[in-house]
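Report on one structure; see the data block that follows.
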Amino acid sequence: MADPNLAVIIFLVVLLTQVVAWIGKSVLQEAAFSAYSSIFLSKAHRDQSRLRKQVLEDKAELNRTSSQDEFAKWAKLRRKVDKGIADLEKTNAVLASSRSTFGFRFNTLIWIATTGAQLVLVWWYRRQPVFWLPAQWVPAPVAYILRFPSAPKGSVSSAAWGTVCKRVLTSVEEIVKPFFQPAPPVAEPMGVPVAVPEKQTATIQEVEHDGLD
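Quick note, the sequence shown lines up with residues -21 to -1, 1 to 192 if you use mature numbering (1 follows the signal peptide of the UniProt record, and there is no 0).
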């Protein structure tokens, strides 16, 4: 007996996979990390901003201090700048490590929820029909493909149903996607160059007249 819930579950998993592909894993990861860091890494970000500001101020003061005329003050500022840079690099390393760890875990979670879930569903329900086809509705070779790998004869397998769902969603994407893309800029028409005739300058020639007297 076919299980309608199985068809819905497979469709939802394929839909999730396609949505992730449409948006992009990098975009989703960046948005998820921004939300994660605002909650769990807010103190580290505040420390980073504070240290960066302090280092810039100390460097500016160090540049205004003469190492010859005010050596004691210059040496103290130099040590303060070095310590600030070391603390800033340590904070940057913590944030970079947190981003890398979060990226690995996020990609693993996405893989489990999409590709991994599809593989598990196809394997676990490989012998269970998703739909039954009417008798003699499709030719035998097509029926074999639809029940691949191990579903009963005359049925649609979980693998075939997942492929159909993916193909339909891809077709929907191809139809809908152009409506959300910005229209290309319209090029202004180029004027046709028109040859301008050269101005002819009238020349007055001196005419010799016979004496009228």
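Quick reminder that beta carbons are idealized off the backbone N, C-alpha and C, glycines included.
| message | Alpha carbons only, please: which of Thr142, Ala92, Lys38 is nearest the one belonging to Trp53? | response | Lys38
| Whole-number beta carbon distance between Val(-8) and Gly95, since they are thought to touch under 8 Å | With 8 Å as the limit, Gly95 and Val(-8) do not qualify as a contact, their Cβ atoms being about 13 Å apart.
| Run through DSSP, which three-state label would Val135 get? | strand
| message | Does Thr93 pass the burial test, meaning 16 or more other C-beta atoms within 10 Å, or should it be called exposed? | response | buried
| request: Let me know if Phe158 comes out buried or exposed under the rule of 16 or more other beta-carbons within 10 Å of its beta-carbon. | output: Counting Cβ neighbours within 10 Å, Phe158 comes out exposed, since fewer than 16 surround it.
| So, do the region 105 to 112 and the region 121 to 138 have three or more beta carbon pairs nearer to each other than 8 Å? | Because the criterion of three Cβ pairs below 8 Å is met, the region 105 to 112 and the region 121 to 138 touch.
| request: Answer with buried or exposed for Thr149, where buried requires no fewer than 16 other C-beta atoms within 10 angstroms of its C-beta. | output: Counting Cβ neighbours within 10 Å, Thr149 comes out exposed, since fewer than 16 surround it.
| Where Phe50 falls: helix, strand or coil (DSSP) | helix
| request: Below 7 Å CB to CB, which residues in the same chain sit around Gln33 once its five sequence neighbours on both sides are set aside? | output: Contacts found: Gly63.
| 4 or more residues per run - each alpha helix (DSSP H) lying fully within the region 89 to 115 | 96 to 103
| said: Taking the straight line between their C-alpha atoms, what separation do you get for Gln97 and Lys59? | reply: 56 Å
| said: Can you tell me where the alpha helix (DSSP H) holding Thr(-5) begins and where it ends? | reply: -18 to 2
| field | Residue closest to Arg78, alpha-carbon to alpha-carbon, out of Phe12, Gln(-4), Glu153, Ala(-15) | value | Phe12
| task | Below 7 Å CB to CB, which residues in the same chain sit around Leu74 once its five sequence neighbours on both sides are set aside? | result | Leu20, Ala23, Gln27
| said: Can you check which of these residues, Asn(-17), Ala72, Gly3, is closest to Asn86 by C-alpha distance? | reply: For the set Asn(-17), Ala72, Gly3, the Cα lying nearest the Cα of Asn86 is the one of Gly3.
| How about Leu56 and Glu36: do their beta carbons lie closer than 7 Å? | no
| said: What does the alpha-carbon distance come out to for the pair Ser76 and Val(-3)? | reply: 28 Å
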